[in-house]
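Residue numbers (full-length UniProt numbering), protein chains in the order written: chain E, 1 to 274; chain U, 1 to 274. All residues carry an ideal CB built from backbone N, CA and C; glycine is no exception. Presented below is the structure to which this report refers.
Protein chains: 2
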Amino acid sequence: MKFLEMLRAAQERNGSMLCVGLDPEPRRFPAALRGDATRIGEFCARIVDATADLVIAYKPQIAYFAAHRAEDQLERLIAHIRKVAPHVPVILDAKRGDIGATAEQYAIEAFERYGADAVTLSPFMGFDSVEPYLKHEGKGAFLLCRTSNPGGDDLQNQRLASIEGSPLLYEHVARLAQGPWNLNGQLGLVVGATYPNEIERVRAIAPTLPLLIPGVGAQGGDAVATVRAGWRPDAPIVVNSSRAILYASSGDDYAQAARREAEKTRALLASARP
Amino acid sequence: MKFLEMLRAAQERNGSMLCVGLDPEPRRFPAALRGDATRIGEFCARIVDATADLVIAYKPQIAYFAAHRAEDQLERLIAHIRKVAPHVPVILDAKRGDIGATAEQYAIEAFERYGADAVTLSPFMGFDSVEPYLKHEGKGAFLLCRTSNPGGDDLQNQRLASIEGSPLLYEHVARLAQGPWNLNGQLGLVVGATYPNEIERVRAIAPTLPLLIPGVGAQGGDAVATVRAGWRPDAPIVVNSSRAILYASSGDDYAQAARREAEKTRALLASARP
C-alpha cells in the first residue's frame, strides 16, 4: 500500500493522529533495563505492544540507535512493528540531505534495509537531494519545513527577496513540496507544534500534504491549537510525542503508563478536531 | 590535537590539499571484490594504504556503509586509518541536522563511536542543532554552505530580505559560521568546487575558516580555479575527490591507480597555489 493510503487507513482504524516517537535513551529506562544499550529494541518493542491500537504511525529516530551501535536492534524493532501492527506505517526520522548519488544510498538504507514506509529529509541541498527517495514507489518523504527547536528561526524564518511574494524560507519549502517537487504525491512536511500559527500558514500553502508535527508533549507544543491549525479531512496530520510517552513512568509499569499517556494524548487530539 | 591543528599539520607534512572521499560502491569494485559488500572496508583500506602520504584528510561518506549494513566495517576502517596514517584527520561525511537532544546522539555516533575528528552538518535547523557537536572539545564541524549539486541553488542561492545587506542564504550561513556560531574555532564550511566564484565570495566572508570543497574530479569542478579562489596560508582548504580516485582503475591495480590519480591531483592543486 502507498504510504499516504497507509497513513489514512491507520488514522481511520485507530481513530488517531498520534505518532509515537521512538527515541530510546538507556539512562532513562526503568530500573530493570537502565543503562543497558543491548535492550533498546526490547524497551521500544514493549512501548509498541502497548500502543499499537492507538497510533497513526511510529517514528523511530535513528540517531538514538546509531549512538549505541544498535542498528541491528532498529532492524528487528521495525520488523516487530510489522508483525504486531502491520497497519501502522513507520516513519524513519533521519533528516538526511545529500547529493543524488549519496541520497540513493540513504534511500536504500531507509526503505530497503530498514523497510521504513517514509523518511524525514532536509531540503537544504535542493530537489536533486530529494528526488532519489521519490523513485521508491509508494514510499513517503517528509521535508523539514518549520522545525520546533529554538534555532528553527535562524534560517527557516528568513524572508526571501528573490521569490515572488517574498515568502519566508519555510513558506518557500512548503510551496515547493506542494507543487513542483511533489512528482508522485509522496511528499509531506515537518512543522513544529510549538508554532500553531505557522502550521496554519503552512496549511494554507500546502492544503493536501500530510504534516508531521513534532513538539507536542515534552517539547511543550499545544496539542489542541496544533490540531485546529493543521487538521484536514483528507491530508492527515501526524502529531508526534516521544519522551512524554516513552518515559511516562520510570517503573516496571512503563508500558502501561505509556499506553495511558498515549490514550490521553489521542483523546486530546481527537477532541480538538474541528 | 585539535582538528584544525591536525589539518594544518597534515597539510604541511603531506604537502597536500587533497582529501580522498571514501564512497565505496561494491558494483564499481575491481573484479576480485565486485559486488561484495563484506569487502567494502578492505577496498577502502587498500586505497588508504596507497595514499596515506598524499592527503590532508580522509572523508568517509557514511551512507555508503549504512546502505550495506556495514557500520562495523566503517569502524574498523577508521581504526585502520589511525594506524597507518595517525597524522591524517578523518572527516565523517554525514550531513546531520537535528534538534539538540538528537544532535547529542549524532555527535556521540560521529566522535565517540567512529572516532572521527570532524563531521559535516546541515545548518537548516539553526544554531542549537550545531551546538552539541561543539561541546566535543577539539572536534571540527563543517557546515553545508554552498553545495556542488544542481539543486544547491534551490534554497542556498535565495536572497534574504530580512538580513542587513540582503545576502544570499549561503552567504548568511558563512557569516554565522565565521561569527556568532563559531564558539571555539571548531567550524568550517562546505563549498562546492563547481562554483569557484562562490568560493571566492565565501572566502571574503569567512577568511579564517577551513573550507571543505567537494566536486573536483568526477563532479567536474575546476581544481585550479578552486585553489585560486579558496587558498589562504592559515585557513586550510580540503579539496575532496572521491570517485575519480577510488575507481581510477577497475583492475587489480586499483590501489596503485588511485595513488597515481591522487599524486596527479595533489600536484595540480599545489601548482595552483598563489
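Flagged as an interface residue toward chain U: E:E109, by a C-beta distance shorter than 8 Å. Per the C-alpha coordinates, the member of E:I108, E:D117, E:A67 and E:H68 positioned closest to E:R82 is E:D117. Near chain U, meaning a CB-to-CB distance below 9 Å, the residues of the region 124 to 137 of chain E are F124, M125, G126, F127, D128, S129, V130 and E131. The straight-line gap separating the alpha-carbon atoms of U:R96 and E:K95 is approximately 7 Å. In terms of CA proximity to U:S166, E:R159 leads the group E:R159, E:M1 and E:G230. At a cut-off of 8 Å between beta carbons, U:D49 makes no contact with chain E. Going by DSSP, U:I47 is part of the alpha helix (DSSP H) stretching over I40 to T51.
Look at E:E200: its C-beta is not under 8 Å from any C-beta on chain U. Below the 7 Å Cβ cutoff, chain E contributes no neighbours of U:K264, its closest Cβ being approximately 23 Å away. In this structure E:P30 does not touch E:C44 by the C-beta definition: roughly 13 Å separates them, more than the 8 Å allowed.
U:A67 has its alpha-carbon roughly 23 Å from the corresponding atom of U:A57.
The Cβ of E:P60 sits no closer than 8 Å to any Cβ of chain U. Interface criterion met: the Cβ of U:R159 is under 8 Å from a Cβ in chain E. For U:A107, the closest alpha carbon among the candidates U:P132, U:P86, U:D93 and U:A85 is that of U:P132. Restricting attention to alpha helix (DSSP H) runs no shorter than 4 residues, the region 60 to 84 of chain U encloses them at 63 to 66 and 71 to 84, ordered along the chain. With a threshold of 8 Å between beta carbons, E:A235 makes no contact with chain U. Counting only runs that start and end inside the region 112 to 139 of chain E, the alpha helix (DSSP H) elements of at least 4 residues fall at 131 to 134. Using a CB distance cut-off of 8 Å, U:Q105 counts as an interface residue toward chain E. Residue pairing by DSSP places U:S241 opposite U:V20 in a beta bridge. Any Cβ of chain E closer than 8 Å to the Cβ of U:Y64 would place that residue at the interface, and such an atom is present. Residues are counted here when their Cβ sits less than 8 Å from a Cβ of chain U; for the region 138 to 152 of chain E these are L144, T147, S148, N149, P150, G151 and G152, given in chain order. By the Cβ-count criterion, U:S129 is buried, with 16 or more other Cβ atoms from all chains shown falling within 10 Å of its own Cβ.
CA-CA distance, U:R203 to U:A225, rounds to 13 Å. In the DSSP annotation of this structure, the continuous segment of the beta strand (DSSP E) that includes U:K95 starts and ends at I91 to R96. In the structure shown, E:V55 falls within a coil segment according to DSSP collapsed to helix, strand and coil. Judged by DSSP secondary structure, U:I213 falls outside any alpha helix (DSSP H) and instead within the beta strand (DSSP E) spanning L211 to I213.
E:V202: member of the alpha helix (DSSP H) spanning P196 to I205, first to last residue. Shown here, E:R266 sits in a helix according to DSSP, grouped into three states. Beyond the five residues adjoining it in sequence on each side, U:E263 comes within less than 7 Å, by CB distance, of L54 in the same chain, given in chain order. Taking 9 Å as the cut-off between beta carbons, the residues of the region 4 to 38 of chain E near chain U are D23 and E25, in sequence order. Sequence-distant partners of E:L18 (beyond 5 residues in either direction) whose C-beta falls short of 7 Å from its own C-beta, in its chain, are L54, V55, I56, V239, S241, A262, T265, R266 and L269.
Contact of U:R69 with chain E is assigned, a C-beta pair being separated by under 8 Å. Burial is judged here by how many other beta carbons sit within 10 angstroms of a residue's own beta carbon; U:T208 has fewer than 16 and is exposed. DSSP places E:R28 within a helical segment (H, G or I) once states are collapsed to three.
The residue from U:S249, U:Q256 and U:V227 with its alpha-carbon nearest to that of U:S16 is U:V227. For E:G221, no alpha helix (DSSP H) encloses it, and the DSSP letter there is neither H nor E.
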